[in-house]
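Residue numbers (the numbering used here): 333 to 559.
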């Protein structure tokens with residue numbers, strides 16, 4: 333049985349641990365990881381707060397294991413791909429592990445490309461999350477702006493226990509176009525992260541850092557069954 337480290341046991345990390353069951357090895361502020369304990373694992377899934385992200389990153393590189401990295405609000409270094417390759421392993425990094433977000437990326441990129449068809453288009457990205465979410469705007473909202481490739485206003489709201497709702501609105505003089513993604517349960521992100529890590533483990537020859545989209549396409553091309 334594979335042993336998977338779950339680093340960070342907040343809302344999403346706890347959902348990961350619940351889905352993994354006996355496969356999970358939990359690490360949090362009460363049980364801190366070190367390189368030796370991480371080396372005993374097959375891989376790790378990371379949802380930590382931004383303030384601890386850098387230290388965790390270096391420990392994982394030292395451990396040389398496969399990683400699904402879901403921490404947002406922390407800028408990973410440009411040299412990460414090189415460092416992961418030198419460690420002889422692979423990471424998948426995503427601000428949102430929803431597989432449906434790959435479809436959203438395609439739609440948002442098309443919206444950005446075709447915006448020149450409109451006179452004076454205005455873009456608004458709205459995101460709503462639970463009150464305990466640390467980063468604002470969310471990593472997903474920032475990804476949406478990058479995929480759009482156009483200037484956009486980003487609005488953030490923290491309310492109740494909202495899992496995550498993101499909306500892109502394109503406004504013109506005569507019409508409004510809206511794209512929305514609503515996460516209804518944190519198991520969405522947890523199951524996506526688990527599946528992504530299992531794909532890395534299915535292909536141990538992979539090296540470097542992958543986006544979720546790149547990894548999904550790779551797995552599809554190589555006909556890897558869903559885990």
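Using N, Cα and C, we set each Cβ at its ideal position, and we do this for glycine too.
Original post:
DSSP on residue 396, reduced to helix/strand/coil?
Top reply: coil
Original post:
Can you give the Cα-Cα distance for residue 404 and residue 419, rounded to whole angstroms?
Top reply: 23 Å
Subject >> In chain order, each beta strand (DSSP E) run of at least 3 residues that lies wholly inside the region 350-402 >> reply: 356-359, 375-378 and 398-401
Subject >> 3 or more residues per run - each beta strand (DSSP E) lying fully within the region 438-522 >> reply: 454-461, 485-490, 496-503 and 508-515
**OP:** Compute the minimum distance between the beta carbon of residue 467 and the heavy atoms of the ligand SAM, and state whether it is under 8 Å.
**Re:** No copy of the ligand SAM occurs in the structure displayed, which carries no ligand at all.
**OP:** Just mark residue 362 as buried or exposed, buried being the case when its beta carbon has 16 or more other beta carbons within 10 Å.
**Re:** Taking all protein chains shown into account, residue 362 has fewer than 16 neighbouring C-beta atoms within 10 Å of its C-beta and is therefore exposed.
Subject >> Supposed close pair residue 495, residue 423 - CB separation, criterion 8 Å >> reply: 25 Å between Cβ atoms; not a contact.
Original post:
Hey, quick one: how far does the alpha helix (DSSP H) through residue 535 stretch, first residue to last?
Top reply: Here residue 535 belongs to no alpha helix (DSSP H), and DSSP marks it neither H nor E.
Original post:
Once you ignore the five residues that flank residue 430 on each side, which residues in its own chain have a CB closer than 6 Å to its CB?
Top reply: 520 and 524
Original post:
DSSP state of residue 341, grouped into three classes?
Top reply: coil
**OP:** Please report the Cβ distance between residue 499 and residue 510, rounded to the nearest whole angstrom; I am assuming they are in contact, meaning their Cβ atoms lie under 8 Å.
**Re:** Sure, about 6 Å apart at Cβ, within 8 Å.
Original post:
Expressed to the nearest angstrom, what Euclidean distance is found between the alpha-carbon atoms of residue 557 and residue 534?
Top reply: Here the model assigns residue 557 a pLDDT of 47, short of 50, so the residue's position is not dependable and the matter cannot be decided.
Original post:
For residue 336, which residues from the same chain have a beta carbon less than 8 Å from its beta carbon, with the 5 sequence-adjacent residues on both sides left out?
Top reply: So the list reads 352, 355, 356, 357, 373, 374, 375, 376, 377, 526 and 529, once near-sequence residues are dropped.
Original post:
Which first and last residues belong to the alpha helix (DSSP H) in which residue 551 is found?
Top reply: If you look at residue 551, you'll find it in the alpha helix (DSSP H) that goes 544-553.
Original post:
Do the CB positions of residue 567 and residue 475 come within less than 9 Å of each other?
Top reply: The shown model of the chain, from 333 to 559, leaves out residue 567, and the question about it has no answer.
Original post:
With 16 as the cutoff for other CB atoms within 10 Å, does residue 421 come out buried or exposed?
Top reply: buried
Subject >> Nearest-angstrom Cβ-Cβ length linking residue 385 and residue 406, presumed shorter than 8 Å >> reply: By a beta-carbon distance limit of 8 Å, residue 385 contacts residue 406. Their separation comes to about 4 Å.
Subject >> Limits of the unbroken alpha helix (DSSP H) element including residue 408 >> reply: Note, residue 408: premise wrong, no alpha helix (DSSP H); not H, not E.
Subject >> Cα-Cα separation, residue 380 to residue 467 >> reply: 12 Å
**OP:** Can you tell me which of the three DSSP states residue 558 falls into?
**Re:** Annotation note: pLDDT 45 at residue 558 (below 50); position unreliable, coordinate value reported separately. Of the three classes helix, strand and coil, the one that applies to residue 558 here is coil, per DSSP.
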